[in-house]
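**Q** My questions all concern the structure below.
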Amino acid sequence: AAGVTVVLADQFDTLETLTETVRTHTRARVVLGPASREQITAVLGDGPSTTPPPEVPAGRGYARLGAGPVLRLQVPATPDPYDDATSEAHRQAVLDALPERPDAAPRQESQPKPPGAPDGPVEVPVAVEAAPTGQLAKAQAAIAEG
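According to the numbering used here, the stretch in the sequence shown is residues 16 to 161, in order.
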């Protein structure tokens, strides 16, 4: 009754680490993406009533709430529009769904670099004096007193 929700996500190659205790004490479990009947059963504790197709659309999967039946699930799939692996059609669909950007500050034209200016960041040495504090200072004082 603490109102805490824990979300655990993993890949099928670590399926053996999904213990019976985890399966028993999770109220909802979901498998998204292409998965064999065996993989779905291993995660959800029961198989789907339909045969999983070899290719599934993005966001398609199976879910099980508690000890209930395994249900087919479709969730919105939102690919990263800036990921090189995202198709142009998906990229444009996501970008079209985003709100318009507020007017950003106008870009300043880059100024030519003065002759002799460094190419990158400049390192400036700074003198620093460190003094022990807290328990370390007390211990050092006690040692000095002998």
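For each residue, glycine too, the CB sits at the ideal point set by N, CA and C.
Cutting at 7 Å between CB atoms, please list the residues of its own chain near residue 92, excluding the five before and the five after it.
**A** As a working note, residue 92 is residue 77 in the sequence shown. Closer than 7 Å at Cβ, skipping near neighbours: 73 and 74.
**Q** With a 10 Å radius around its C-beta and 16 neighbouring C-beta atoms as the bar for buried, classify residue 82 as buried or exposed.
**A** Walking along the sequence shown from the start, residue 82 turns up at place 67. Exposed, since its Cβ has fewer than 16 Cβ neighbours within 10 Å.
**Q** With respect to the beta strand (DSSP E) encompassing residue 76, which residues constitute its N-terminal and C-terminal limits?
**A** As a working mapping, residue 76 is identified with position 61 in the sequence shown. Counting along the chain, the beta strand (DSSP E) containing residue 76 begins and ends at 75-80.
**Q** With distances taken from CA atoms, which of 67, 141 and 95 is nearest residue 113?
**A** Working through the sequence shown from its first residue, we reach residue 113 at position 98. The shortest Cα separation from residue 113 among 67, 141 and 95 belongs to 95.
**Q** Buried or exposed: residue 77, going by 16 or more other Cβ atoms within 10 Å of its Cβ?
**A** Translated into the one-based positions of the sequence shown, residue 77 becomes position 62. Buried is the call here.
**Q** On the DSSP letters alone, give me the boundaries of the alpha helix (DSSP H) that residue 38 sits inside.
**A** Against the sequence shown, residue 38 aligns to sequence position 23. Per DSSP, residue 38 belongs to the alpha helix (DSSP H) from 35-40.
**Q** If we call anything under 8 Å between Cβ atoms a contact, is residue 15 one with residue 52?
**A** Absent from the model: residue 15. The displayed extent of the chain is 16 to 161, so no value can be given.
**Q** Can you tell me the Cα-Cα spacing of residue 44 and residue 20, whole angstroms?
**A** The residue given as residue 44 occupies position 29 in the sequence shown. The residue given as residue 20 occupies position 5 in the sequence shown. Between residue 44 and residue 20, the C-alpha separation is close to 13 Å.
**Q** What separation, rounded to the nearest whole angstrom, lies between the Cα atoms of residue 90 and residue 150?
**A** Taking the sequence shown and counting its residues from 1, the one referred to as residue 90 is at position 75. Taking the sequence shown and counting its residues from 1, the one referred to as residue 150 is at position 135. Going from the Cα of residue 90 to the Cα of residue 150 covers about 55 Å.
**Q** Closer than 6 Å by C-beta to residue 32: which residues in its own chain qualify, once you throw out the five before and the five after it? Chain order, please.
**A** The count along the sequence shown starts at 1 and reaches residue 32 at position 17. Answer for residue 32: no residue qualifies.
**Q** So which of 103, 108 and 50 has the shortest CA-CA distance to residue 70?
**A** On the sequence shown, position 55 is the one that residue 70 refers to. Checking every option, the nearest Cα to that of residue 70 belongs to 50.
**Q** For residue 126, report the span of its beta strand (DSSP E) as first-last.
**A** Counted from its first residue, the sequence shown places residue 126 at position 111. Looking at the DSSP string, residue 126 is not in any beta strand (DSSP E), and its letter there is neither H nor E.
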